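Protein chains in written order, with numbering that gives the first Met the number 0: chain A, 0 to 674; chain B, 0 to 674.
Number of protein chains: 2
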Amino acid sequence: MTRRSSDNALMVAHDEESVATFGANRVVIEAVSPEVEAGRFPAKSVAGQPFTVEADIFCDGHERIDAALLVRRADEADWREFPMALFDNDRWRGIAVLDDNARYTYTVIAWRDFFASWRDEVVKKRAAGVDVGLELAEARDLLVRTIAEADRGSSADRKRLEALVGEIDALQGVAPRLDHLLAADILELMRCTGLRTDLSRYPRELALTVDRKTAGFSAWYELFPRSMSDDSGRHGTFDDVIAKLPYVSGLGFDVLYFPPIHPIGQAFRKGRNNTTTSEPGDPGSPYAIGSAEGGHDAIHPELGTFDDFTRLVAAARDHGLEIALDFAIQCSPDHPWIKEHPDWFDWRPDGTIKYAENPPKKYQDIVNVRFYGDAFPAAWLALRDIVLFWVELGIKIFRVDNPHTKPFSFWEWMIHTVQEKYPDVIFLAEAFTRPKVMKRLAKVGFTQSYSYFTWRNTKAELTEYLTELTQAPCRDYMRPNFFVNTPDINPFFLQTSGRPGFRIRQVLAAGLGGNYGVYSGFELCESAPVAGKEEYLDSEKYEIKARDWGRAGNIRSDIALMNRLRHTHPALQLFTNVSFYNAWNDDILYFAKTTPAKDDFILFAVNLDPYNAQEADFEVPLWEFGMPDEASIATEDLINGERFTWHGKIQHMRLDPHQNPYAIWRLIPFEGDTA
Amino acid sequence: MTRRSSDNALMVAHDEESVATFGANRVVIEAVSPEVEAGRFPAKSVAGQPFTVEADIFCDGHERIDAALLVRRADEADWREFPMALFDNDRWRGIAVLDDNARYTYTVIAWRDFFASWRDEVVKKRAAGVDVGLELAEARDLLVRTIAEADRGSSADRKRLEALVGEIDALQGVAPRLDHLLAADILELMRCTGLRTDLSRYPRELALTVDRKTAGFSAWYELFPRSMSDDSGRHGTFDDVIAKLPYVSGLGFDVLYFPPIHPIGQAFRKGRNNTTTSEPGDPGSPYAIGSAEGGHDAIHPELGTFDDFTRLVAAARDHGLEIALDFAIQCSPDHPWIKEHPDWFDWRPDGTIKYAENPPKKYQDIVNVRFYGDAFPAAWLALRDIVLFWVELGIKIFRVDNPHTKPFSFWEWMIHTVQEKYPDVIFLAEAFTRPKVMKRLAKVGFTQSYSYFTWRNTKAELTEYLTELTQAPCRDYMRPNFFVNTPDINPFFLQTSGRPGFRIRQVLAAGLGGNYGVYSGFELCESAPVAGKEEYLDSEKYEIKARDWGRAGNIRSDIALMNRLRHTHPALQLFTNVSFYNAWNDDILYFAKTTPAKDDFILFAVNLDPYNAQEADFEVPLWEFGMPDEASIATEDLINGERFTWHGKIQHMRLDPHQNPYAIWRLIPFEGDTA
């Protein structure tokens, strides 16, 4: 049959253009991880820790490919290159360690590697006894072309490359020449200088926020400064807090956090136990911010002066404590902004200000700031400048109150612009709401997030929740902070568990959480509730409380132990490094935290039942070290410092909540090898 | 404490600019599905079928929000709007039915709905006995503002809206006015005309390929035209194929697919059973394309002329069959292109052409086309024009040979430009390779994909694989075609299963697959292998085969039954609509296919064991119709047409592979209601 000419006349400029567009990026790079919302938001990492990037990378045909991770500081032009390696089914991985608390940009490149492909093919053919004379000639051609075109590698490498053709030509016969070309050092030379044929680049450059270490590793202690007088009849001062620093520092905490320290409104001031009418002398809720004495950039006069505050910040630092302040945007009806900026608030048809409500509930002691309409952008700038005001007084950590009731866009802009100037500022989102809302706050920039940990009590709940937080995509941008209680949350579990329950929740929070927190009174096992609610009776939000800090039955030693272990064991300074192992009892949670190199391998066993002793057989994870089931392993009990040896994988434990509701062991697998 | 002035001087132009950038899109729209690789590739749908889009949509605070799906033809400017509704945890869903075989664009918008928010709040306050006089005044203000600003709704709606304020004012007292405003028709009026406050738009416009129905619903029959003489001594012709059309059509197939019909090379022609030397008279592999008689745009002379071919295409159409051709890019060393376009091929240092190899294996009868270097873009254009050449001869379906050994970019460009002119052209990717490579081919545009179905035999394998294909993200862009065998694949299962195994695989492929395929001989239970391999002995790729089409023990009636049921039952024309139910026997696969409305609900039970009868209790999925476990349900046996009633959820079945290895039932849940 003869050929018929095609009558297609599509071969026009349009074609040449479209084929050029489609023709690029022959090597496929996709499914890069981390990548938050297709690059819309930055991933997060911590300075000095490995930042791991993975991607699916492959090409048509059978040629060898190679790939690299590119990273640069967002404010610098030069890319640093980190090699990537295939580890599974077209999945490649590269690791960068980034030292600066700064914003970075990263992407992935990949290319076809002709020399490696040639080498593979020749090795196979040679093994099969096939003549490879032509292949040798092809390699020589490739070398000549590489010398002419390549633009990578050190000058020493380039010189070595240029000498190579001569070296080959000087040898006699196919076999010696091939031996020379197949040497490992030539492969490495070509890796450094060789052509990157069909170089592809991932279409997006992705953002990365590298925070300082505290972002991922911090133990918080929350207290109301006004209660630090230890006398419910006298308003505490910053000096009283300074006197309490040795106590907090002695417990081993890193961050000392205060609810708002600003002037408190008089209008509609709340009384004790959140009553709508206050008695004379009632201090009011510190969340009703603003009075004739000032707003968010003022200090409640009874606490002290700015000088006192500055002294407190310095004294805390001397005690190894960093002060965190509350950023709560609502205003009391007495806040100066209401007169200065009436257009930042909502007004009703009768000329009254619109207070906060959740119908039919009313919150007459606070009004919300508007973010759009006439308040935009002046209110945004003013609020951001409030944060900067405190930053410049030395405060670098903010716990943000109810961020989910303010626009996500505001937080994204605010955090971004503050961190542009002060990358070391940390924001903790206090949002207890729907999962996607909490995740969005983390995406828009919050450094840490309150979590559902406070309500996860059973083995199934904890395992499922921790697995999500440490394995699902949210691990790339959300860092939970595991608070055991807050002034707003007196968990049902603790209301009935007694002291053992406090010890259990403490070890879970401090052991599982990179970040965790305690609101004062927890260490004293306070739990008197408003009947039937997860609220504290006589809440400190509405009155000054005096405590007996040495009260019998306190758990201060448990807290100090955990905080000491956290500081001495690198495995406890990470979050996504948890593994759950088998202990055959649904009341015993048994897990490990480990460094990537497994040189710090800490096991926790926690009896979740605060009433009864529980026992279980359990598996010592010998396989993690490549050890057989019948091997012996040296172990250190981290509670009492004793050393012993487990013989074999299956062991037995008994945990009595009235003695030791938990055990903590360090595995020392190769002690014999190194001793 | 007095206020201190901030010394921050960041409030500059930079701020105003950044705040404006961040301030937009208050309502969050994220996690839109389908979205293939962040919008890099189109999703796929079928004309006339519902296209469902989901997204996470939420906003700060408690205001009511609303959302819509926007869709337009890619070649038109006007968007069509489809309402979205919340169905789960901040997840919204909208459904569009698109009628054209064309490319579309879609995205999502969302906004805050002040009127709905106001209505919610007032209803709650009224129920709580709170005075709502001010709320009424606020609603009137909102109406006035809506009339002034709104630009949506029909002119009748706008008139109704403008009249509303007067209607309200004419009523006396708060209660009657509120009653009027809270009426359902006012809510609907405001939905059509009301303000869309803080309108957000998803940042990406996503592409959608809407294919014709055959893309998702087709039964393929593959035959070698040269074997259609039914005489191994005579080369078959297109006229012989025409004579065979009643046979194929009688089996109920939709697509008749031929391996390459082009001239076959003489150089290094393969002999019978893939030997490297051919005997005189050996026809050679049709995949060694091209000879002195022409290349990819010519017809092998022994098959007939272009006129014969055109007659065949028309005759097939008269029999309800659409012809599919093979698009195999490799060339025999005799292909005209090798002389005409030497720069489209690789040459070795000794001047010989580089044939295909997979070291140490050599394929001297074929050479591969280059796609880059001097071949770019001329070879791309030429190959695309080959496809267009056959399209213009009436061929709209191509099975593409080994696409994974050619650049993905080429396929993306080729399919895109062909479908720009001919959106009804269908491409099936014949790639049996790594999962990500197969998925990428589907992403770049292949309409259908060969699959691993051929090697999925057990209940666990089939359940897992079908769950992935129908539930994982690949469901949005990959349409598998379940071939039971091919000229290259004689599955081990069929080599030993006997006739029952062929019946089992047939009902699985036709029942599970929207698209499925059979290579001729399957219906005759042919399975003689090359010993130890999944290859056919005396492969038809290298010789002309004559068959006894009426051979005893054939399964033609099974095939005809399944194809008839596929054409009469809408549930069998979809793919992602499979559900697996409980039958307590690991050898019995028990599943349903159903329409979204469940008005066509087909149950399959397949005994996967071709040797032994298997029985099992199983669950009739009464709960799918809201029926209690003890309900009765009318059922039709689709194999014999008999009707009966199941009483209660648990029933029992027995499937003897030598009688009926499978059962097919239609549930008729509400027969009593409608009769």
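We treat Cβ as the ideally placed atom computed from N, Cα and C, and that holds for glycine. Quantities reported herein were computed from a predicted structural model and do not represent experimental measurements.
Q. Applying the criterion that 16 or more other CB atoms from any shown protein chain within 10 Å of the CB defines a buried residue, is F643 of chain A buried or exposed?
A. Here residue 643 of chain A refers to the residue found at position 644 when the first sequence is read from its first residue. So F643 of chain A ends up on the exposed side.
Q. Is S556 of chain B buried or exposed, if buried means 16 or more other CB atoms sit within 10 Å of its CB?
A. Counted from its first residue, the second sequence places residue 556 of chain B at position 557. The residue in question, S556 of chain B, is exposed, as its Cβ has fewer than 16 Cβ neighbours within 10 Å.
Q.
So with CB distances below 7 Å, who are the chain A contacts of G60 of chain B?
A. What you label residue 60 of chain B is simply residue 61 of the second sequence in a count that begins at 1. Those are T404, listed as they occur along chain A.
Q) Between A242 of chain B and the rest of its own chain, which residues show a CB-CB distance below 7 Å, the 5 nearest in sequence each way excluded? A) The residue you call residue 242 of chain B lines up with position 243 of the second sequence. Within the same chain, A242 of chain B has no close Cβ partners at all.
Q) For P609 of chain A, which residues does DSSP report across the bridge? A) The residue you call residue 609 of chain A lines up with position 610 of the first sequence. Answer is none; P609 of chain A lacks a bridge partner.
Q) With a cut-off of 7 Å, does the C-beta of P348 of chain A fall near any C-beta of chain B? A) The residue labelled residue 348 of chain A in the question sits at position 349 within the first sequence. Interface residue (Cβ-Cβ distance to chain B less than 7 Å): P348 of chain A is classified as such.
Q. Quick one: is Q171 of chain B buried, meaning 16 or more other Cβ sit within 10 Å of its Cβ, or exposed?
A. Sequence index remark: in the second sequence, residue 171 of chain B carries index 172 (1-based). Exposed, by the Cβ-count rule.
Q. Quick one: Cα of C191 of chain B to Cα of Y476 of chain B, how far?
A. By one-based count along the second sequence, residue 191 of chain B stands at place 192. By one-based count along the second sequence, residue 476 of chain B stands at place 477. Going from the Cα of C191 of chain B to the Cα of Y476 of chain B covers about 34 Å.
**Q.** Beta-carbon neighbours of W548 of chain A, restricted to chain B and to distances below 9 Å
**A.** One-based indexing of the first sequence puts residue 548 of chain A at position 549. By Cβ distance, chain B contributes nothing, its closest Cβ being about 28 Å from W548 of chain A, past 9 Å.
Q. Does the separation of the CB atoms of N480 of chain A and G516 of chain A fall below 7 Å?
A. Taking the first residue of the first sequence as position 1, residue 480 of chain A is located at position 481. Taking the first residue of the first sequence as position 1, residue 516 of chain A is located at position 517. Their beta carbons are under 7 Å apart, which means N480 of chain A touches G516 of chain A by this criterion.
Q. CA-CA distance, R2 of chain A and I328 of chain B?
A. Residue 2 of chain A sits at position 3 when you count from the first residue of the first sequence. Residue 328 of chain B sits at position 329 when you count from the first residue of the second sequence. The predicted position of R2 of chain A is uncertain, since its pLDDT is 38 and thus under 50; a value taken from the coordinates is nonetheless stated next. If I take the Cα positions, the gap works out to 17 Å.
(Q) Please state the DSSP three-state secondary structure of L170 of chain A. (A) Taking the first residue of the first sequence as position 1, residue 170 of chain A is located at position 171. Note: L170 of chain A maps to coil in three-state DSSP.
Q) By how many angstroms is the C-alpha of G497 of chain A removed from the C-alpha of C524 of chain A? A) Numbered from its first residue, the first sequence carries residue 524 of chain A at position 525. Numbered from its first residue, the first sequence carries residue 497 of chain A at position 498. Roughly 7 Å between the two C-alpha positions.
Q: Below 8 Å CB to CB, which residues in the same chain sit around A8 of chain A once its five sequence neighbours on both sides are set aside?
A: Residue numbering aside, residue 8 of chain A sits at position 9 when the first sequence is read from its first letter. With a pLDDT of 39 at A8 of chain A, under the threshold of 50, the modelled position of this residue cannot be trusted, and the question is left open.
Q.
List, from N- to C-terminal side, the alpha helix (DSSP H) runs of 4 residues or more that fit wholly inside the segment 458-517 of chain A.
A. 458-470 and 491-511
Q.
Rounded to whole angstroms, what is the Cα-Cα separation between E339 of chain A and D345 of chain A?
A. The count along the first sequence starts at 1 and reaches residue 339 of chain A at position 340. The count along the first sequence starts at 1 and reaches residue 345 of chain A at position 346. Answer to the nearest angstrom: the Cα atoms are 14 Å apart.
Q: Check the Cβ-Cβ distances between K123 of chain B and every residue of chain A, and say whether any is below 7 Å.
A: On the second sequence, residue 123 of chain B is found 124 positions in, with the first residue counted as 1. Yes - at least one Cβ of chain A is within 7 Å of the one on K123 of chain B.
Q: Would you mind telling me which residues of chain A sit closer than 7 Å to L133 of chain B, beta carbon to beta carbon, in chain order?
A: Walking along the second sequence from the start, residue 133 of chain B turns up at place 134. The answer, in chain order, is R347, P348 and D349.
Q. For Y661 of chain A, which residues of its own chain have a beta-carbon under 6 Å away from its beta-carbon, when the five flanking residues on both sides are left out?
A. By 1-based counting over the first sequence, the position of residue 661 of chain A is 662. Counting only Cβ-Cβ distances below 6 Å, and skipping sequence neighbours, we find V506 and V605.
Q. The beta strand (DSSP E) with Q418 of chain A in it runs from where to where?
A. In the first sequence, residue 418 of chain A corresponds to position 419, counting from 1. Run containing Q418 of chain A: none in the beta strand (DSSP E); it sits in the alpha helix (DSSP H), F407 to K420.
**Q.** Minimum C-alpha distance to R198 of chain A - residue among A:D239, A:S578 and A:I64
**A.** In the first sequence, the residue the question calls residue 198 of chain A occupies position 199. Reading the sequence as shown, one finds Leu at residue 198 of chain A and not Arg. L198 of chain A has its Cα closest to that of A:I64, out of A:D239, A:S578 and A:I64.
Q: Please list the residues of the segment 402-436 of chain B that have a C-beta atom closer than 8 Å to any C-beta atom in chain A, keeping them in chain order.
A: H403, T404, K405, P406, F407, S408, F409, E411, W412, H415, T416, K420, R433, P434, K435 and V436
Q) Which chain B residues are close to G22 of chain A, counting only those with a beta carbon under 9 Å from its beta carbon? A) In the first sequence, residue 22 of chain A corresponds to position 23, counting from 1. What G22 of chain A touches in chain B: F370, Y371, F375, P376, W379, P406, S408, F409 and W412.
Q | Nearest candidate by alpha-carbon position, reference F426 of chain B, set B:K361, B:S32 and B:S217 | A | To locate residue 426 of chain B, count along the second sequence from 1; it is residue 427. Nearest of B:K361, B:S32 and B:S217 to F426 of chain B, Cα basis: B:S217.
Q) Who are the near neighbours of F452 of chain A in its chain, counting only those whose CB is closer than 6 Å to its CB and skipping five residues on each side? A) Taking the first residue of the first sequence as 1, we reach residue 452 of chain A at position 453. Taking F452 of chain A as the centre and dropping the five residues before and after it, the same chain places the C-beta of F481 closer than 6 Å to its C-beta, in chain order.
Q. Which residue from B:Q650, B:N272, B:E321 and B:A374 puts its Cα closest to that of P406 of chain B?
A. Position 407 of the second sequence, counted from the first residue, corresponds to residue 406 of chain B. The residue with the shortest Cα to Cα distance from P406 of chain B is B:A374.
Q. Are H234 of chain B and H261 of chain B close, meaning C-beta to C-beta below 7 Å?
A. Here residue 234 of chain B refers to the residue found at position 235 of the second sequence. Here residue 261 of chain B refers to the residue found at position 262 of the second sequence. It is not a contact, given that the beta carbons lie outside the stated cut-off.
(Q) With a threshold of 7 Å between beta-carbons, can A46 of chain A be considered close to chain B, or not? (A) On the first sequence, position 47 is the one that residue 46 of chain A refers to. Cβ-Cβ to chain B under 7 Å: no for A46 of chain A.
Q. Under the three-state reduction of DSSP, which class applies to H295 of chain A: helix, strand or coil?
A. The count along the first sequence starts at 1 and reaches residue 295 of chain A at position 296. Note: H295 of chain A maps to coil in three-state DSSP.
Q. Looking only at C-alpha atoms, which of B:N611, B:F624 and B:N581 sits nearest to H651 of chain B?
A. Here the question's residue 651 of chain B lines up with position 652 in the second sequence. Of the listed residues, the one whose Cα sits closest to H651 of chain B is B:N581.
Q. Is the CB of E29 of chain B under 7 Å away from at least one CB in chain A?
A. Numbered from 1 along the second sequence, position 30 holds the residue referred to as residue 29 of chain B. Yes, because at least one Cβ of chain A sits closer than 7 Å to the Cβ of E29 of chain B.
**Q.** Selected residue, minimal CA-CA separation from S331 of chain B, among B:G283, B:V312 and B:S248
**A.** As a position in the second sequence, residue 331 of chain B is number 332, starting the count at 1. The shortest C-alpha separation from S331 of chain B is found at B:G283.
Q: Below 6 Å CB to CB, which residues in the same chain sit around R316 of chain B once its five sequence neighbours on both sides are set aside?
A: Position 317 of the second sequence, counted from the start, is the residue given in the question as residue 316 of chain B. The beta carbon of R316 of chain B sits closer than 6 Å to none of the beta carbons in its chain outside the five residues before and after it.
Q: Spatial neighbours of I554 of chain B within its chain, please: CB distance less than 7 Å, with the 5 preceding and 5 following residues excluded, ordered by chain position.
A: Position 555 of the second sequence, counting from 1, holds the residue named residue 554 of chain B. For I554 of chain B, where only same-chain residues beyond five positions count, the Cβ hits under 7 Å are R498, F501, R502, Q505, E522 and C524.
Q) Quick one, which of B:T145, B:I601 and B:F617 has its alpha-carbon nearest L637 of chain B's? A) For the purposes of this step, residue 637 of chain B is identified with residue 638 of the second sequence, where counting begins at 1. Selected option, being the one with the closest Cα: B:I601.
Q. What is the C-beta distance between A95 of chain B and F50 of chain B, in whole angstroms, given that I count them as a contact (C-beta under 8 Å)?
A. Taking the second sequence and counting its residues from 1, one reaches residue 95 of chain B at position 96. Taking the second sequence and counting its residues from 1, one reaches residue 50 of chain B at position 51. Yes, A95 of chain B and F50 of chain B are in contact; Cβ-Cβ is about 5 Å, under 8 Å.
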